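These protein sequence lines map, in sequence, to chains A and B. Counting in the working numbering, the first sequence runs from 2 upward without gaps. Counting in the working numbering, the second sequence runs from 132 upward without gaps.
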Amino acid sequence: MITLRGLTKRYGARTAVDDLTLEVRPGAVTGFLGPNGAGKSTTMRMILGLDRPDAGTALVGGRPYQKIENPLRTVGALLDARAVHPGRSARAHLLALARSNGIGRARVGEVLEIVGMDRAAGRRAGALSLGMSQRLGIAAALLGDPAVLMFDEPVNGLDPDGVRWIRRLMRGLADEGRTVFVSSHLMSEMQLTADHLVVIGRGKLIVDAPLGEVVAASAVRIRSPHAGDLAVRLRAAGVEVSRTGESQLVATGASTERIGDLAHEAGIRLHELSAQEASLEQAFHELTADSTEYGSRV
Amino acid sequence: MRRAISAEWVKLWSVRSTWWCLMGAAALMVLASVTVAAALGSHNGQPRTERLAATEPVVSAAIFAQFALVALAMLVVTSEYSSGGIRVALQATPIRGRLLAAKALVVAPVMFVTGVVSGAVGAVLTYVLLRMEPFRAPVTLAAGETVGDLVRLGAFCALVGVLTVGAGAALRSAAGTLTVVFLLMMGLPLLIMMTGAPALIDASMRLPMFAGLAFMESVENMTGGPMPYAAGEGLAWLLVWTAAALAAGYVVLRRRDA
Ligand SMILES: Nc1ncnc2c1ncn2[C@@H]1O[C@H](COP(=O)(O)OP(=O)(O)OP(=O)(O)O)[C@@H](O)[C@H]1O
Ligand SMILES: [Mg+2]
Chain A
2 MITLRGLTKR YGARTAVDDL TLEVRPGAVT GFLGPNGAGK STTMRMILGL DRPDAGTALV
62 GGRPYQKIEN PLRTVGALLD ARAVHPGRSA RAHLLALARS NGIGRARVGE VLEIVGMDRA
122 AGRRAGALSL GMSQRLGIAA ALLGDPAVLM FDEPVNGLDP DGVRWIRRLM RGLADEGRTV
182 FVSSHLMSEM QLTADHLVVI GRGKLIVDAP LGEVVAASAV RIRSPHAGDL AVRLRAAGVE
242 VSRTGESQLV ATGASTERIG DLAHEAGIRL HELSAQEASL EQAFHELTAD STEYGSRV
Chain B
132 MRRAISAEWV KLWSVRSTWW CLMGAAALMV LASVTVAAAL GSHNGQPRTE RLAATEPVVS
192 AAIFAQFALV ALAMLVVTSE YSSGGIRVAL QATPIRGRLL AAKALVVAPV MFVTGVVSGA
252 VGAVLTYVLL RMEPFRAPVT LAAGETVGDL VRLGAFCALV GVLTVGAGAA LRSAAGTLTV
312 VFLLMMGLPL LIMMTGAPAL IDASMRLPMF AGLAFMESVE NMTGGPMPYA AGEGLAWLLV
372 WTAAALAAGY VVLRRRDA
């Protein structure tokens, strides 16, 4: 269980993480989504006690990270797969980590086998491919058999087989009752893995909901010869509306029934009123459209 | 704490640079000892007549050879920052002081042993060389004196190593650390000596390089004579510098984001 309360981090004038409050529960894969620069990595670093928050707290199993004895046995995390001395062998890297937390040497061999690296164990970390580095990072995260796992963009650089492998691994870890917190900027990826979604944009929490709910929060498409008038009426009734064409509107936050009733009261003719099965990708785009830090506005 | 030390020990011996630095330090120590011995073995072409301890040239040699050890101690910290491994290390050992202490406690004995062993080889070679033609100098290698000198040499190396670990944690970059430690251990004292200003030189005598020479009871060195204070005071100054560097490293490690 990971608990964030009012977590805030500023870099100069920029607020990278802004008053984040949420709970990441055990037994599920929680997807941590946001566009580039949203503050996902910064949040994870604060959870691990690497960066100091400007306000708020991050607790793992009810304790701040620094208060956990032998933390690798409680929390396993992969932040940056390349963060290994390039001259050190994969096995020595894991052995040093095992020693630091009183984990038996045999466990090193075990995790190397789990990630399918037993034959590359003697290779220098600098000579590993990105995919292999990623596997080494996951081996390190699994080393202490922890109840809480965090992965920052674990599928980066993996081939399709590797991606499927990670998906199955995370699924398995969650099914064993562990807390799995995994960040990504790819909604499509999370659609296949996550049970629960946390979406942030510019450091602020946008959504914290089960996957199903996020997908279901779909938009309603409306066509009407009096689209302009209808938009005014709907807005006045508290419905969020955007105009997508001369005679087209997209409304969110209201059912087709409600919109139909409102149009009827106003005496406005409708040519189309349909609920859209928004894909998660679309939902994500809509959610974060206002909070994209980089990237083009189309 | 024991676990953090054990992890640092594994890390130290699992990279090749450690071996290169140690071999470099030993080679430099022995070569410089012999070179200084040859210089001290004669006066203006005349054979030397005053007594000379075989460990005396070794002390001067250590002032050069220490930089290979500085490189090793520096890498123990700065390679963590250049690779990003510091974040992994702090995930495993989140108490910052504990991580820094573990690094210092692994570096110190390695430096000590390297200093003692390479110093012993340097002293024996000095003894053999100066007994031969053309020197035939009154060189001594008395057991008690030699052991004491070698232990002090080892302690000096260990303290310089720990000082470097502290500086590395404070500065994080290899270039910055090397520059600062070089300035403290050689650059600054030599520069100040060249100014010839007595007040400045007097103050500079407390810099760790001269403090080290005093601690190791060097009598014939680049200052042209014995140091103006006792070995005990030299050790005290060395400890002050080392403690200051460690404290600076600790404060930065505690305060700054990893
Ligand atoms: N050490 C730092 N100094 C200054 N600014 C930083 C630092 N680290 C992060 N930032 C800024 O904080 C914001 C959040 O960055 P962060 O890396 O947490 O985003 P992210 O969601 O992980 O993005 P990505 O998907 O690109 O990995 C960005 O604007 C980034 O520029
Ligand atoms: Mg990131």
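A virtual CB, placed ideally from N, CA and C, is assigned to each residue, including glycine. In this text the structure is predicted, and so the values were computed from the model without any measurement.
Identify whether MET205/B lies in helix, strand or coil by the three-state DSSP scheme. helix
Using a Cβ-based criterion (distance less than 8 Å to any ligand heavy atom), does ASP153/A qualify as near ligand 2? yes
Where the segment 98-116 of chain A meets chain B: residues whose CB sits under 7 Å from a CB there: LEU98, ARG100, SER101, ASN102 and GLY103
Does DSSP classify TYR360/B as helix, strand or coil? coil
By Cβ distance below 6 Å, which residues in the same chain neighbour ARG92/A in space, the five residues on each side in sequence not counted? ALA122
If you reduce the DSSP assignment to three classes, tell me which class ALA306/B lands in. helix
Give a yes or no on whether the minimum CB-CB distance between LEU290/B and chain A is below 9 Å. no
I'd like to confirm something about LYS10/A: is its beta-carbon nearer than 8 Å to some heavy atom of ligand 2, or not? no
Run down chain A in chain order and give the residues with a C-beta less than 7 Å from the C-beta of ASP388/B. LEU51, ASP52 and ARG53
Is the beta carbon of THR43/A within less than 8 Å of some heavy atom of ligand 1? yes
So what does GLY32/A bridge to, in DSSP terms? VAL183/A and LEU198/A
Check whether chain D comes within 9 Å of ILE3/A, counting only Cβ atoms and requiring the distance to be less than that. The displayed structure is made up of protein chains A and B, and chain D is not among them.
Please report the distance separating the alpha-carbon of LEU131/A from that of ARG106/A. 25 Å
Any chain A beta carbon closer than 9 Å to PRO225/B: yes
Any heavy atom of ligand 1 within a distance shorter than 8 Å of the CB on ARG386/B? no
Once DSSP output is grouped into helix, strand and coil, what is the label at VAL299/A? Residue placement at VAL299/A is flagged as unreliable, the pLDDT there being 43, under the threshold of 50; the coordinate-derived value follows with that caveat. Of the three classes helix, strand and coil, the one that applies to VAL299/A here is coil, per DSSP.
State the Cα-Cα distance for the pair VAL233/A and ARG270/A, rounded to the nearest angstrom. 14 Å
Where does ILE332/B sit, in a helix, a strand or coil, going by DSSP? helix
Could you confirm whether any beta carbon from chain A is found closer than 9 Å to the beta carbon of ALA301/B? no
Could you tell me if VAL299/A is buried or exposed, where buried requires 16 or more neighbouring beta carbons within 10 angstroms of its beta carbon? With a pLDDT of only 43 at VAL299/A, under the threshold of 50, the placement of this residue in the model should not be trusted; the figure read from the coordinates follows. VAL299/A is exposed by the Cβ-count criterion.
Proximal residues of chain B, C-beta to C-beta of ARG179/A below 9 Å: None at all; the shortest Cβ gap to chain B is about 17 Å.
Reducing DSSP to helix, strand and coil, say where ILE3/A ends up. strand
Quick check on LEU258/B: buried or exposed, where buried means 16 or more other Cβ atoms within 10 Å of its Cβ? Here the sequence assigns Tyr to residue 258/B, which means Leu is not the residue at that position. Per the 10 Å Cβ criterion, buried.
Alpha carbon to alpha carbon, how far is SER42/A from LEU96/A? 26 Å
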